[in-house]
Amino acid sequence: MSEPLETIYDVLVIGAGPTGLACAIDAQRAGFRTVIVDKGCLCNSLFHYPAHMTFFTTPELLEIGDMPFSSPNQKPSRNEALEYYRKVAEHYALDVRQYHTVDRVSGSDGDFVVHTTDRFGRGVNMRARKLIVSTGYYDLPNYLGIPGEELHKVRHYYHEPHPFFGLNVLVIGGKNSAAIAALDLWRHGAKVTLVHRGSEMHRHVKYWILPDINNRVANGEIKAYFNSTVENISEDEVTLATPQGEVTLENHFVFALTGYHPDFAFIEKLGVILDAENDRCPICDPATHESNVPGIYLAGVIVAGERTNEIFIENGRFHGKLIADSLRSKLAVAAV
Ligand SMILES: Cc1cc2nc3c(=O)[nH]c(=O)nc-3n(C[C@H](O)[C@H](O)[C@H](O)COP(=O)(O)OP(=O)(O)OC[C@H]3O[C@@H](n4cnc5c(N)ncnc54)[C@H](O)[C@@H]3O)c2cc1C
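Numbering (the numbering used here), first residue to last: 1454 to 1789.
This is the structure in structure tokens:
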């Protein structure tokens, strides 16, 4: 069931994360008829973060649309953030089409057709003069490419500790996600082993998390193998390559928390060029965020290509203003 194709939105935003919402608010405030489309729910990535996580950022740095984010906590929880972004969407009466995956885009500047599939597999097409792409990076894990990675017991997302009580769990990775998951699992009764290819936890681990994980490792409460990699995963075991040689451990579950990356194939399919010399950053004008494809703007973490730790909510939330400024001039011309 398609939108009546005579409906032409001024702006269609792909991705209802914090960045997409901020962009839609700015476009709407500039007077443009705006719609947002997301493959999942509102703030789908945040929804899939660990259930009991706490943000690294203080609430005011997560604010969008000039709406205060008040929390009794120094750093808000995932639940508080979801509540906040729901309220923002409600306050600005944002038109969000959830559970519609954008598969491809046809047409060109001034008259794009956005081809989506809903959760029942039905095609829904929508027309828009301009597009903003803010599709994030959390849907595609960085796979290790090791034997056994395809087993169901291997997870690339960590949600909560309860199902792993009393079990042997291997956590792969040395950054925040791995440290937080290892600590949470250990605190809730899992027998945790951590393996990291670096010689110690990564320098990006937050200063309040680092001593906690280091102390658990020093006390032997979490067994850690540094300068080590996972060679093989089987139903009941994992095999590690360590400086002391091969080590085989009994294992029930593996969390491979080795990062995520933007959907580069999707971005390229839009006609946007990725700069191979610059960590696959999509070509886009830093002043307006318009890509090399006229009428297609890029926002949020995707702008930094493979450098997914460069743009986050704190700074990506300002991209919408730059885009709205550009739209103001260009769409006024297009609408005549
Ligand atoms: C555990 C964790 C903790 C973090 N803590 C912080 C923090 O404290 N502070 C901070 O600033 N940042 C933090 N970050 C980073 C931050 O959450 C991300 O950088 C941020 O979500 C990026 O926002 P975004 O809107 O660009 O992308 P996302 O929030 O990922 O939103 C992208 C949206 O696009 C949708 N989408 C993707 N492809 C399609 C498609 N083809 N069709 C339709 N919809 C699509 C997705 O479903 C998703 O809803 C954290 C990240 C993680 C993983």
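Backbone N, C-alpha and C define an ideal beta-carbon position, used for all residues, glycine too.
Which two residues bound the contiguous beta strand (DSSP E) that contains residue i?
i, result
"K1628", "Where K1628 is concerned, there is no enclosing beta strand (DSSP E), given that its DSSP letter is neither H nor E."
"G1473", "Taken as a continuous stretch (DSSP letters only), G1473 belongs to no beta strand (DSSP E), being part of the alpha helix (DSSP H) at 1471 to 1482."
"I1585", "1576 to 1586"
"K1676", "1676 to 1678"
"L1647", "1644 to 1648"
"Y1750", "1749 to 1751"
"S1681", "Taken as a continuous stretch (DSSP letters only), S1681 belongs to no beta strand (DSSP E), as it is neither H nor E."
"R1572", "Premise fails: R1572 is in no beta strand (DSSP E) and is neither H nor E."
"E1690", "1690 to 1695"
"R1557", "1553 to 1561"
Which residue comes first and which comes last in the alpha helix (DSSP H) that contains residue i?
i, result
"L1499", "1497 to 1500"
"F1719", "1717 to 1722"
"D1422", "With the chain represented from 1454 up to 1789, any question about residue 1422 goes unanswered, as that position is not in the structure."
"I1766", "1766 to 1769"
"G1773", "1772 to 1788"
"A1729", "Here A1729 belongs to no alpha helix (DSSP H), and DSSP marks it neither H nor E."
"R1531", "1531 to 1544"
How long is the line joining the alpha carbons of residue i and residue j, rounded to whole angstroms?
i, j, result
"P1529", "Y1678", "32 Å"
"L1547", "A1581", "16 Å"
"A1787", "G1563", "Residue confidence is low: A1787 scores 49 on pLDDT, short of 50, so the model does not pin down where it sits. Its coordinate-derived value is still stated next. Cα to Cα, the separation comes out at about 7 Å."
"Y1462", "F1522", "30 Å"
"T1507", "T1741", "32 Å"
"R1482", "N1680", "52 Å"
"D1732", "L1535", "31 Å"
"P1471", "D1479", "12 Å"
"L1515", "S1630", "19 Å"
"K1676", "N1668", "11 Å"
"H1641", "P1616", "10 Å"
"V1488", "A1477", "7 Å"
"G1473", "A1694", "42 Å"
"F1708", "L1784", "47 Å"
"D1556", "I1599", "29 Å"
"L1710", "Y1611", "8 Å"
"I1776", "Q1527", "31 Å"
Could you round the C-beta distance between residue i and residue j to whole angstroms and report it? I think they count as a contact, below 8 Å.
i, j, result
"L1584", "V1624", "Incorrect: roughly 39 Å between the Cβ atoms, too far for contact."
With a threshold of 7 Å, establish whether the CB of residue i neighbours any heavy atom of ligand 1.
i, result
"C1496", "yes"
"S1681", "no"
"K1492", "yes"
"R1592", "The residue you asked about is not Arg; residue 1592 is Asp in the sequence shown. Answer for D1592: yes, Cβ within range of ligand 1."
"L1499", "yes"
"A1632", "no"
"S1587", "yes"
"P1512", "no"
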